[in-house]
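Chains A and B supply the protein sequences, listed in that same order.
The opening residue of the first sequence carries number 1 in my numbering; numbering runs sequentially from there.
The opening residue of the second sequence carries number 1 in my numbering; numbering runs sequentially from there.
We put the beta carbon where it would ideally sit given N, CA and C, even for glycine.
One structure is given below, encoded as structure tokens.
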Amino acid sequence: MTLEHERIQELLAGHALHSLDGDDAREAERALSDHVPGCEECRQLLADFSDVAADLSLAEPAVSPPEILLPRLRREIGAPVSRRSRMVAVAAAAVAVVTGLGVWNAMLNVRVTDLSVERQGMITAIQFVGQPDVVTVAVATELANPETLLVGYRPNDRSVLVVGSEVPAPAEGNEYRLWIQRDGRWEHVTDFVPDDGVVLVPVAFDATACDGMLVTEEGADTEHTTPAGAPRWEAVLKNEDEEP
Amino acid sequence: MRTEEDLNDLDIHARLRGGESAAFEELYRRYAGPAYGLALRVTGQPVLAQEVVHDAFIALWRAPEAFDAARGSFRTFFLSLVHHRAVDTVRREERLRRRTDRAVNLEPRLDEDVGEAVVEETWLTVRRKEVREALSTLPPDQRKVLEMAYYGGKTQAVIAQELDIPLGTVKTRTLAAMRKLRRALTEREE
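Quick look at the structure:
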């Protein structure tokens, strides 16, 4: 086995245990998108390591959850769902699935012909961020729920999707402004306002050529060439130690 | 190779995709116990463990299409989801604790009702025995890094730091452990 192959399999082992971070996590994402799809041996190994990790969960004794949990779930799945609740729930599920599984290849086979346009958009978002070559980054925030916003992008491509659920509305008259940082300079990308807490913003830029991303809250009728409003979310897209 | 339980899960999941709440409750009955036991082990806190399991089941109900049978068993998908959520929760709590400089007791609160052992299905009991036997065959140093990663929710970098060993050694032991377990568990299935 080549050294490179051994290295990739090391990464797959750590990935299956969800124990990678930093450079190793990024390298694993690249391997998952660049190498694994075309390598039968590594594809099988990834599947097997995933099974081993799931089996490790069974080594622990099963414990009854608190009795309150099932009635609570029954209420939540059985309650009449308003349009807003449905959108928030589907978006939250998308965020939960993506953040829960890392880059789990969640290719879907969903017929969307009978679904509403809004749900179709969300299903498309889930499909996009679930593809093996799409990298997802949780965007750090001081909000109580740190997983309100995610960025999904395809390396060396200009496909980027910002998706979020239960995103609080900006103050009246304000909007959120998305910035990217390249070579030490900030560039304005787009503005957005959540739709009943849901954010689904496709944008076009090469995320792998960026150092970071920032979302500020600014006056809707203001124009600035650099971030001027209060920072709300930020993400590092490139390790400072990486070669330019 | 799909077991009978895997096939049962596929049937139930197909009904879940049709919006059948009875299917949801069947999956809850099958997996709530293992999910909660795992979440409790990783988070060490019944409240956090409950939220992890709640979020996993809600995500499953809202987006059942996220499970693709071509990629593996439902058991692997769902328990991986629970594990990832539990680890992310632990790491988030650790970041919050460091940020606010509050002491958060991450040990199980003994005065809380952590739940009772479930009366579980036979296949679970059998599989648990197999997994524990396979784990017991690992050399102690490999088992240690594996348990710190999987049940402790620690990254490889943190494990290296806490064990005072090179990061490369952690990676090597992790790979060796996973390969051994893969072999041992595959032999037991055959």
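| Asked | Found |
| --- | --- |
| State yes or no: is the beta carbon of leucine 3 (chain A) nearer than 8 Å to at least one beta carbon in chain B? | no |
| Compute the Euclidean distance between the alpha carbons of alanine 31 (chain A) and alanine 35 (chain B), then round it to the nearest angstrom. | 29 Å |
| Tell me whether the beta-carbon of threonine 174 (chain B) lies closer than 8 Å to the beta-carbon of valine 145 (chain B). | yes |
| Are there three or more Cβ pairs, one per stretch, closer than 8 Å when the region 175 to 183 of chain A is compared with the region 207 to 224 of chain A? | yes |
| Which bits of chain A does isoleucine 165 (chain B) rub up against, with CB to CB less than 7 Å? | Those within 7 Å of isoleucine 165 (chain B) in chain A number zero; the least Cβ separation is about 15 Å. |
| Just to confirm my understanding: we take leucine 185 (chain B), look at its own chain, exclude 5 residues before and 5 after, and list those with CB closer than 8 Å. What are they? | Glu130, Val131, Ala134 |
| Looking at chain B, is there any beta carbon in it that lies within less than 8 Å of the beta carbon of glycine 197 (chain A)? | no |
| So which residues on chain A does leucine 138 (chain B) lean against when the C-beta distance must stay under 9 Å? | Under the 9 Å cutoff, chain A gives no residues; its nearest Cβ is about 11 Å from leucine 138 (chain B). |
| Express the C-alpha separation of alanine 230 (chain A) and glycine 37 (chain B) in angstroms, rounding to a whole number. | 42 Å |
| Please determine, among A:Pro61, A:Glu175, A:Val163, the residue with the shortest C-alpha to C-alpha distance to leucine 40 (chain B). | A:Pro61 |
| What would DSSP say about arginine 158 (chain A), mapped onto helix, strand or coil? | coil |
| So, under 8 Å CB-CB, threonine 148 (chain A) and glycine 173 (chain A) are touching, yes? Tell me the CB distance rounded to an integer number of Å. | About 21 Å separates the two Cβ atoms, so there is no contact after all. |
| Name the DSSP bridge partner or partners of glutamate 175 (chain A)? | A:Glu218 |
| Exposed or buried, alanine 220 (chain A), counting other C-beta atoms within 10 Å across all chains shown (16 or more means buried)? | exposed |
| Indicate the three-state DSSP secondary structure (helix, strand or coil) for leucine 237 (chain A) in the structure shown. | coil |
| DSSP three-state label for tyrosine 36 (chain B), please. | helix |
| Along chain A, which residues have their Cβ under 9 Å away from the Cβ of arginine 182 (chain B)? | Leu45, Asp48, Phe49, Asp51, Val52 |
| Consult DSSP for proline 202 (chain A) and reduce its assignment to one of helix, strand or coil. | strand |
| I need the DSSP call for proline 166 (chain B), collapsed to helix, strand or coil. | coil |
| Would you list the residues sitting across from valine 135 (chain A) in a DSSP beta bridge? | A:Tyr153 |
| Determine the DSSP secondary structure at aspartate 21 (chain A), reduced to helix, strand or coil. | coil |
| Does the beta-carbon distance from proline 155 (chain A) to threonine 208 (chain A) come in below 8 Å? | yes |
| In angstroms, rounded to a whole number, what distance separates the CA positions of serine 19 (chain A) and valine 52 (chain B)? | 18 Å |
| Between the alpha carbons of aspartate 34 (chain A) and glutamate 10 (chain A), how many angstroms are there, rounded? | 16 Å |
| To the nearest whole angstrom, what separates the beta carbons of valine 90 (chain B) and valine 42 (chain B), a pair I think is in contact under 8 Å? | 6 Å |
| List the DSSP bridge partners of glutamine 181 (chain A). | A:Trp186, A:Gly212 |
| Beta-carbon within less than 7 Å of arginine 183 (chain B)'s beta-carbon, same chain only, minus the 5 sequence neighbours each way: which residues are those? | none |
| I need the boundaries of the alpha helix (DSSP H) containing glutamate 65 (chain B), first residue and last residue. | Per DSSP, glutamate 65 (chain B) belongs to no alpha helix (DSSP H) and is neither H nor E. |
| Under three-state DSSP, which class holds valine 53 (chain B)? | helix |
| Have a look at glycine 18 (chain B) and glycine 22 (chain A) and give me their C-alpha separation to the nearest angstrom. | 40 Å |
| Distance, Cα to Cα, arginine 26 (chain A) vs serine 64 (chain A)? | 37 Å |
| Quick check on arginine 72 (chain A) - is its C-beta less than 8 Å from some C-beta in chain B? | yes |
| Quick check: the Cα distance between tryptophan 186 (chain A) and arginine 75 (chain A), rounded to an integer number of angstroms? | 46 Å |
| Alpha carbon to alpha carbon, how far is histidine 13 (chain B) from phenylalanine 78 (chain B)? | 11 Å |
| Which residues in chain A have a C-beta closer than 8 Å to the C-beta of histidine 54 (chain B)? List them in chain order. | Leu69, Arg72, Leu73 |
| Buried or exposed for arginine 85 (chain B), going by 16 or more other Cβ atoms inside 10 Å? | buried |
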